[in-house]
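K.L.:
Quick note, the sequences are listed as chains A and B, same order.
Start counting at 1 in the first sequence, then tack on 2, and there's your number in our numbering.
Start counting at 1 in the second sequence, then tack on 1211, and there's your number in our numbering.
Note that beta-carbon positions come from the ideal geometry of N, C-alpha and C, so glycine has one too.
None of these values were measured; they are calculated from a predicted model.
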Amino acid sequence: MEQEKIESADKYGEQLNELAKKIEQGQTESAEKILDEITRWREDSLFQDLGKLTREFHEALQNFRIDSRITNIAEEDFPDARERLNYVLTMTAQSADRSLTATESAMPICHSIKERNSALKEQWGRFSNRELNLDEFRVLHKEMGKFFDGLDEDVPALEANLNEITMAQDFQDLTGQIIGRVITLVDDVESSLVNLIRLSGQHILSEKSDGPAEKERDIESQGPMVPGVDDEAAMVSGQDEVDDLLSSLGF
Amino acid sequence: MALGEPNMKILVVDDFSTMRRIIKNLLRELGFTNTHEADDGNTALPMLKDGDYELLVTDWNMPGMEGIDLLKAVRADPSLAKLPVLMVTAEQKKEQIVAAAQAGVNGYIVKPFTAGTLKEKLDKIFERMAAG
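In structure tokens, the structure reads:
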């Protein structure tokens, strides 16, 4: 750069000396020629600079568009997605809790019906075999009345609990939509990153990659297997395969 | 108290309270009511050390101390070494199951699982323990 400036200053200096000489000598025509030349130089470098500026401006715009998308993703979309996924977590946990609470309150009712039923059944069997005396039959009659009354309360309670479990499934629709949007965001991030790499790091792409580094120890927890994503050959597909594998180890 | 008795003391370790609740409910249905909870190995280990537990049911993937490390710690502690350990986990890599077996697990259940599977594995553990 410095070298260029010195050279061009030298060039102008020579021409200006020449110009002064021609004017002193009264050679107006030659002097004008030299002036024209100087002007042309000036214009040439102006156009060159302008071209360079235009190109830089174009690239900056191009980068800016990708940069601003990525900035936007990092500043807004990611925190937004995190919030949404947290909401999914909360909703699924709430739903599981609601269902479990309903089951836990329905279970003792079932147990109680089962117990009362089997006691009655035994007496009923004795009655059928004509083993009950009149007093015992009166007791059985009273117990059966109580059992029927009890069912009038127990069955609606069971129905309410089953309804509660059904209603607790309403999260699926909402969480499904939220997860769908996050998947769209992930696609968006992927294509923005690919564009960025294409623009700024072609040499990285063309260099042969060393392959992914050894990701993790096999023994470390991997989380649930996702069909089509995880290496299914290295996984068991269910309890039967676990049992087979363990029994092959002498379990 | 003999293994498999309704009152046997069981520790259920899982970082998700929902899963702990499900396992506790299933155990209750199988007649086991003396169940306690911990949310990872770091919480579970001190409980096990002074709790007279007779069975440990643990997840693998947990923050803090993972289930496999809890299993190893249990086997390394002379007072706990013989404690039956049932792993209930979403981890289904063959190497992991082999590693759990080598670390001395007594049963391995992959999630999602059924009440029937839980009963079957528990029965098997109790049978083995009774046979010595």
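Between the region 1309 to 1323 of chain B and chain A, which residues of the former have CB atoms less than 8 angstroms from a CB of the latter, in chain order?
P.N.:
Along the region 1309 to 1323 of chain B, going in chain order, the ones with a CB nearer than 8 angstroms to a CB of chain A are V1309, A1310, A1312, Y1319, I1320, V1321, K1322.
K.L.:
With B/M1340 and B/Y1319 assumed to form a contact (beta carbons below 8 angstroms), what rounded beta-carbon distance in angstroms separates them?
P.N.:
Not a contact, Cβ separation roughly 16 angstroms.
K.L.:
How would you call A/L55, buried or exposed, if buried means at least 16 neighbouring beta carbons within 10 angstroms?
P.N.:
By the neighbour-count rule (16 or more Cβ atoms within 10 Å), A/L55 is not buried but exposed.
K.L.:
Among all the DSSP beta bridges, which residues are the ones paired with B/E1248?
P.N.:
B/V1223
K.L.:
For A/E39, which option in A/Q27, A/V157, A/E20 has the closest C-alpha, if you only look at C-alpha atoms?
P.N.:
Ranking A/Q27, A/V157, A/E20 by Cα distance to A/E39 puts A/E20 first.
K.L.:
Taking the alpha-carbon positions, what's the A/Q224 to A/E192 distance?
P.N.:
23 angstroms
K.L.:
Are the CB atoms of A/S101 and A/Q171 within a distance shorter than 9 angstroms?
P.N.:
Cβ atoms of A/Q171 and A/S101: closer than 9 angstroms.
K.L.:
Quick one: is B/I1279 near chain A, going by C-beta distance under 9 angstroms?
P.N.:
yes
K.L.:
Got a sec: is the Cβ-Cβ distance from B/I1233 to anything in chain A below 9 angstroms?
P.N.:
Yes - at least one Cβ of chain A is within 9 angstroms of the one on B/I1233.
K.L.:
Please compile the residues from chain A whose C-beta is within a distance smaller than 8 angstroms of the C-beta of B/A1301.
P.N.:
Going along chain A in sequence order, the residues near B/A1301 (Cβ under 8 angstroms) are G225, P226, M227.
K.L.:
When you compare only the Cα positions, how much space is there between B/M1258 and B/K1332?
P.N.:
Distance between the alpha carbons of B/M1258 and B/K1332: 24 angstroms.
K.L.:
So, helix, strand or coil for A/V141, using DSSP?
P.N.:
helix
K.L.:
Tell me, please, whether the CB atom of B/N1272 is closer than 9 angstroms to any CB atom in chain A?
P.N.:
Yes, its Cβ sits closer than 9 angstroms to a Cβ of chain A.
K.L.:
Interface residues of chain A around B/K1304 at Cβ under 7 angstroms?
P.N.:
D220, Q224, A236, M237
K.L.:
For A/I180, which of helix, strand or coil comes out of DSSP?
P.N.:
helix
K.L.:
Taking Cβ-Cβ distances shorter than 9 angstroms, what residues in chain B pair up with A/V90?
P.N.:
Simply none; closest approach about 14 angstroms.
K.L.:
Kindly indicate which residue of A/Q96, A/K13, A/F173 has the alpha-carbon position closest to the one of B/A1227.
P.N.:
The sequence given here places Phe at residue 1227 of chain B; Ala does not occur at that position. Checked all of A/Q96, A/K13, A/F173; the closest Cα to B/F1227 is A/Q96.
K.L.:
Put B/M1212 into one of helix, strand or coil per three-state DSSP.
P.N.:
For B/M1212, the predicted model reports a pLDDT of 47, less than 50, meaning its position is unreliable and no value from the coordinates is stated.
K.L.:
Of all Cβ atoms in chain A, is any one closer than 9 angstroms to the Cβ of B/N1245?
P.N.:
No - not a single Cβ of chain A is within 9 angstroms of the one on B/N1245.
K.L.:
Are the C-beta atoms of B/S1228 and some chain A residue less than 9 angstroms apart?
P.N.:
yes
K.L.:
If distances are taken between C-alpha atoms only, which option among A/E155, A/A83, A/E45, A/L18 comes closest to A/S32?
P.N.:
A/L18
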